[in-house]
Each structure stands twice: as structure tokens, then as C-alpha cells.
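K.L.:
So that we are looking at the same thing, I have put the structure below in C-alpha cells.
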Amino acid sequence: MVTLGIIGVVAAMTMPVLIQNNINRTVETRLAKFYSVFNQALKMAEVEYGDKEGWYQDKNGVITDEDGNPIEGSSIILEWYNIYLAKHIKTIKITVDSEGRPTFYLADGSAFAAAHSNVMRDWIFYSSDPEKCIARHGSLANAQGKCAFRFIYMPAANNAEEWKYHTGRGLEPYKYGWDGTSEDLYNNAYAGCNDSSTCRNCMCTSVIQENGWKIPKNYPYRVSR
């Protein structure tokens, strides 16, 4: 009986760890897949339309009806997406909020969305259903780095030092203002992977990417799906 009791205690202690490890693997796999699929779509679009700098546009917006609902087809980002990327990324559902930000739902249960209503450069990947992700943590800001992960797509020429990890590239984990060190990914005052940064936890995606799309042991949060 004592032995069985010990086994039960050990199982109770190890089960949460095993569950979290499984969640970690799911989040890692979905992050890496999204990064690959989006950038492959950009490359395929370049074959048809030329260099991505030529057809990138950093703007967004939407026309709404008298009730404040978005008029179908008037979201600038969605129109851009439908022209260049839709044929290369398989989605199961697309919604558009009242400010023109589309959310694209994927078959594996994840989703991605435009982060802002006025520009196209910032994107969010959700490792699970967006509504459940935000509800679980109380707000999008609280969810970042846990089930919401920030990316930037800014291929347009920009000589500012802050943009050097994004200019001329495809979709990349958030690295705006990064100094290139591992420490700065955590401690950057503007976007570091910590709750005190201005853009809360925006560089958490880069922390995972720089570790080979694996959540490092010193990652500050438990991710969720």
C-alpha cells in the first residue's frame, strides 16, 4: 500500500510536467509551421508578381455600414491577402473586425491576424483559438508570449537601425530594435520577453526561434494552446 501511495504521489507530480511538455511541443510545431507556410506563400507570390517589396503596402482600414459592421471586401489587408497569398495558404475561416483587422483560422486549430487597424506590418499568431486564448489570459497583452506570438512583415526598404532584422525579408518573429544579443530578447525595454516592456513580450517569438523553434528551459512563461 505504501508503494502504491508513493507511485500515486509521483504520478501526480509528473503528470502536469508531461502535459505541459506536450503543450510546448504543440506550440513549437505550430509556430514553426506557420512561419514556414507564410514565407513559402510569399515566395510563391514573388514568382507571379515579382519582388515582394513592389507589392507590399503598409496600410490598413475598412469601410463600415451604419451599424459599425465592416462591409464585406473593404478591408485593405484582406484585399491584399486575397490577391497575393490566399491561393497559397489554406484557411478554414476568415473574420474581419470593425476596424478592418482580419483573422485567418487554420485547420490545425491555430490562427493568425493583423495586429493593428492602420498598418500591415504587425501580425499575431495564435497557437490556439484566438478568442479562447485571449479569454484565458484576460487580454491580448496578457496573452502575448503564451498563446499569442508577435511577428513583423516589413520588407520595404528602411535604413533605420531598428528595422535591420526585417527590411528586405519575409515574415519574421518580432525583432524591431533588437541589438542582436540573447540578453536583449529578454530585457529590451520596448519589446523584450517580459511583462514590463512597452510592447509586452513581443520578442518572445524570437526567443523561441533563436532556440531552434524550441521553448527554452528559462522561458519566463507557460505557453498554452
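Everything in the sequence shown is counted per my numbering, starting at 1 for the first residue and increasing by one.
Using N, Cα and C, we set each Cβ at its ideal position, and we do this for glycine too.
Please classify glutamine 144 as buried or exposed, where buried requires at least 16 other C-beta atoms within 10 Å of its C-beta.
P.N.:
Along the sequence shown, one-based indexing puts residue 144 at 144. Within 10 angstroms of the beta-carbon of glutamine 144 lie 16 or more other beta-carbons, which makes it buried.
K.L.:
How long is the line joining the alpha carbons of arginine 225 and alanine 189, rounded to whole angstroms?
P.N.:
Numbered from 1 along the sequence shown, position 225 holds the residue referred to as residue 225. Numbered from 1 along the sequence shown, position 189 holds the residue referred to as residue 189. Using only the alpha carbons, I get a separation of about 27 angstroms.
K.L.:
Please report how far the alpha carbon of isoleucine 23 lies from the alpha carbon of threonine 181, in whole angstroms.
P.N.:
Here residue 23 corresponds to residue number 23 of the sequence shown, with the count starting at 1. Here residue 181 corresponds to residue number 181 of the sequence shown, with the count starting at 1. Their backbone Cα atoms lie some 27 angstroms apart in a straight line.
K.L.:
Use the C-beta contact count for alanine 114: other C-beta atoms within 10 angstroms, 16 or more gives buried, fewer gives exposed.
P.N.:
Indexing the sequence shown from 1 puts residue 114 at position 114. Buried.
K.L.:
Using 8 angstroms as the threshold, is the segment 160 to 172 in touch with the segment 39 to 53, meaning 3 or more CB pairs across them?
P.N.:
Enough Cβ pairs lie closer than 8 angstroms, so yes.
K.L.:
In angstroms, rounded to a whole number, what distance separates the CA positions of asparagine 39 and glycine 138?
P.N.:
Numbered from its first residue, the sequence shown carries residue 39 at position 39. Numbered from its first residue, the sequence shown carries residue 138 at position 138. Approximately 31 angstroms between the Cα atoms of the pair.
K.L.:
For the beta strand (DSSP E) holding proline 106, just list the boundary residues, first then last.
P.N.:
Working through the sequence shown from its first residue, we reach residue 106 at position 106. The residue asked about is misnamed: residue 106 is leucine in this sequence, not proline. Looking at the DSSP string, leucine 106 is not in any beta strand (DSSP E), and its letter there is neither H nor E.
K.L.:
In or out: asparagine 201 buried (at least 16 other Cβ within 10 Å) or exposed?
P.N.:
Stepping through the sequence shown from its first residue, residue 201 is reached at position 201. Asparagine 201 should be labelled buried.
K.L.:
Let me check understanding here. Comparing Cα to Cα, which of Asp65, Ile124, Thr95, Lys43 lies closest to tyrosine 84?
P.N.:
Counted from its first residue, the sequence shown places residue 84 at position 84. Of the candidates Asp65, Ile124, Thr95, Lys43, the one whose C-alpha sits nearest the C-alpha of tyrosine 84 is Lys43.
K.L.:
When you compare only the Cα positions, how much space is there between tryptophan 123 and asparagine 21?
P.N.:
Translated into positions along the sequence shown, residue 123 becomes position 123. Translated into positions along the sequence shown, residue 21 becomes position 21. Take the alpha-carbon of tryptophan 123 and the one of asparagine 21: they are about 26 angstroms apart.
K.L.:
Are there 16 or more other CB atoms within 10 angstroms of the CB of glutamate 172, so buried, or fewer, so exposed?
P.N.:
On the sequence shown, position 172 is the one that residue 172 refers to. Buried: at least 16 other Cβ atoms inside 10 Å.
K.L.:
Tell me the rounded alpha-carbon separation between aspartate 184 and phenylalanine 112.
P.N.:
Translated into the one-based positions of the sequence shown, residue 184 becomes position 184. Translated into the one-based positions of the sequence shown, residue 112 becomes position 112. Aspartate 184 and phenylalanine 112: Cα-Cα distance of roughly 26 angstroms.
K.L.:
Starting from leucine 140, trace the alpha helix (DSSP H) in both directions and tell me its first and last residue.
P.N.:
Here residue 140 refers to the residue found at position 140 when the sequence shown is read from its first residue. 140 to 143 is the span of the alpha helix (DSSP H), which, as asked, contains leucine 140.
K.L.:
For serine 206, tell me which candidate among Asp108, Lys175, Asn194 has the shortest Cα-Cα distance.
P.N.:
Sequence index remark: in the sequence shown, residue 206 carries index 206 (1-based). Cα-wise, what sits closest to serine 206 is Lys175.
K.L.:
Across which residues does DSSP place glutamate 172 in a beta bridge pair?
P.N.:
Counting from one through the sequence shown, the residue named residue 172 turns up at place 172. In DSSP, glutamate 172 forms a bridge with Ile152.
K.L.:
Just to confirm my understanding: we take serine 127, look at its own chain, exclude 5 residues before and 5 after, and list those with CB closer than 6 angstroms. What are they?
P.N.:
Translated into positions along the sequence shown, residue 127 becomes position 127. If we look at serine 127 and ignore the five residues flanking it on each side, its Cβ neighbours are Val27, Arg30, Ser110, Cys147, Arg225.
K.L.:
Would you mind sorting isoleucine 92 into buried or exposed? The rule is 16 or more other CB atoms within 10 Å of its CB.
P.N.:
Against the sequence shown, residue 92 aligns to sequence position 92. It counts as exposed.
K.L.:
Span of the alpha helix (DSSP H) holding threonine 205?
P.N.:
Reading the sequence shown from its first residue, position 205 is the one you call residue 205. Where threonine 205 is concerned, the enclosing alpha helix (DSSP H) stretches over 204 to 210.
K.L.:
Name, in chain order, the residues that DSSP records as bridge partners for aspartate 122.
P.N.:
In the sequence shown, counting from the first residue as 1, residue 122 sits at position 122. DSSP, once it has assigned bridges, lists Ile152 as partnering aspartate 122.
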